[in-house]
Amino acid sequence: MITLFKRLAILLCCLPFFVFANVFVIGDKALLNPKTLELIDTIGTEFFQKTKISVYVALKEQSHTKEQRQSYLNEIQKDLHSPYVLIYFFKEDKKIDFLLSKDMKNLVDVDTIYKDYMVPLLPIKRTDSLDQSRISAIILNGYSHLINAIADKKDVKILSNIVDRSGELLAQTARFTMQIMLFVMICFVVWFYIIRRKK
């Protein structure tokens, strides 16, 4: 009888892991490396438990037409628990975008998340590959910053999130310093050019 209670207790403790296992990643999961899948599920589970908001990632290797992409998204939306945010990625079309439930529309600026945290990791040249490690970095970076932005609005702390706020502040400061240095350098070159022309 005691062993039955022990087994039941262990099963109940493990239940959240079974319930949420790979719930937040939909579609062609092989596009992400296993560590990224695990991180997304860990972060997504904690975020859902604290806010009751689901943040999903949908991945598709191939989609031939715009209608097929829309059909795929419509099919996925039927199974999503509202409120939700969906980051979707179509590899063949190199398309990344966000889909939000109606109650999430004004909560977070997904364009900023996309421009600041996903675009810098995208391939620049046509010859650059869009392999599993790059896709994983793009999706995880966008996912973790999206979670962070919503958590800030909801005044919730997500302990499993990988976003380093002090590191971000340092990066912003470095970016600002580089912009000032570039501006000063351009001014110096223009000034030097004007002085040379006068002689």
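Mature numbering (1 follows the signal peptide of the UniProt record, and there is no 0) puts the sequence shown at residues -21 to -1, 1 to 178. Glycine is no exception: its CB is placed at the ideal position from the N, C-alpha and C atoms.
Opposing strand residues paired with residue i [DSSP bridges]
i	result
D76	Y67
G121	Answer by DSSP bridge pairing: none, since G121 is not bridged.
Y35	L65
I5	A37
Alpha-carbon spacing of residue i relative to residue j, whole angstroms
i	j	result
Y35	E17	13 Å
R176	W170	10 Å
K31	H60	9 Å
K70	I173	50 Å
R154	L100	16 Å
L161	S42	43 Å
L52	M83	17 Å
S123	G23	9 Å
I165	Q158	11 Å
K104	K132	36 Å
R113	V168	38 Å
F106	V2	Residue identity differs from the one stated: residue 106 is Thr in this sequence, not Phe. C-alpha separation (whole angstroms): 34 Å.
F26	S33	8 Å
L79	V163	42 Å
D90	T44	24 Å
E54	S139	30 Å
R48	A9	19 Å
Beta-carbon separation (whole angstroms), residue i vs residue j, contact threshold 8 Å
i	j	result
T15	S115	4 Å
F68	I118	6 Å
D7	E46	At roughly 19 Å, the Cβ-Cβ gap does not stay under 8 Å, so D7 and E46 are not in contact.
Q111	L11	7 Å
C-beta contact flag for residue i and residue j at 8 Å
i	j	result
I92	L125	yes
V87	I129	yes
K57	V135	no
N127	M97	no
Three-state secondary structure (DSSP) of residue i
i	result
I165	helix
S139	coil
R176	helix
L59	coil
S145	Unreliable placement is indicated for S145, whose pLDDT of 49 sits below 50; the coordinate value is still reported in the next sentence. In this structure, S145 counts as helix in the three-state DSSP scheme.
R105	coil
V89	helix
K133	helix
N53	helix
N127	helix
K14	helix
K94	helix
T44	coil
K84	coil
D110	coil
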